[in-house]
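Q: Encoded as structure tokens, here's the structure I'll be asking about.
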Amino acid sequence: MGLGSGLLVKMGVERVLKRGGYSEREFSVEVADISTARQAGTDIYVTTAEFAKQIGDTGAKVIEVFNLFNEKEIEEKLIGPYKEVRAAKGMA
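In numbering that gives the first Met the number 0, the protein residues as written are 0 to 91.
In structure tokens, the structure reads:
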């Protein structure tokens, strides 16, 4: 995706996490191209199935979303894995 659409997705993910009761101090959402994203030490990727294949095995959770602008879909797929990552880091 381009940077403009990536920024819109970023804002949607941030809104989902805030509605989930998380403060902006508890998460960081970044927009990146595939090659940069694979090297970023990311915990969770939110992307399409097409881009998920390109990310490969980084050890991070990859959340595949059909419609990246649908915050309900993002919420349904992201909140559980987000809680798992927090628990694994002792942040539950």
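Cβ coordinates follow ideal geometry from the N, Cα and C atoms, glycine included. Quick caveat: nothing in here was measured; it's all calculated off a predicted structure.
Can you look up Thr-35 in the DSSP assignment and give me helix, strand or coil?
A: Along the sequence shown, one-based indexing puts residue 35 at 36. Helix.
Q: Between Thr-35 and Tyr-44, what straight-line distance do the alpha-carbon atoms span, to the nearest angstrom?
A: What you label residue 35 is simply residue 36 of the sequence shown in a count that begins at 1. What you label residue 44 is simply residue 45 of the sequence shown in a count that begins at 1. Thr-35 and Tyr-44: Cα-Cα distance of roughly 12 Å.
Q: From what residue to what residue does the alpha helix (DSSP H) around Glu-74 run?
A: As a first step, residue 74 must be located in the sequence shown, where it is residue number 75. Here the alpha helix (DSSP H) through Glu-74 covers 70-87.
Q: Out of Lys-76, Asp-42, Ile-62, Ser-4, which has the shortest C-alpha to C-alpha gap to Val-84?
A: As a first step, residue 84 must be located in the sequence shown, where it is residue number 85. Answer by Cα proximity: Asp-42.
Q: Identify every residue that forms a DSSP beta bridge with Thr-46.
A: Along the sequence shown, one-based indexing puts residue 46 at 47. In DSSP, Thr-46 forms a bridge with Glu-63.
Q: Nearest by alpha-carbon distance to Lys-60: which of Leu-67, Glu-70, Asn-66, Gly-40 is it?
A: As a first step, residue 60 is located in the sequence shown; it is residue number 61 there, counting from the start. When each option's Cα is compared against that of Lys-60, the closest is Gly-40.
Q: If you measure from the beta carbon of Arg-14 to each beta carbon in chain C, is any gap under 8 Å?
A: Looking for chain C here will not work: only one protein chain is present.
Q: Which same chain residues end up closer than 8 Å to Ile-54 when comparing Cβ atoms and leaving out the 5 residues on each side of it in sequence?
A: On the sequence shown, position 55 is the one that residue 54 refers to. Here the set comprises Ile-33, Ala-36, Arg-37, Tyr-44, Thr-46, Val-61.
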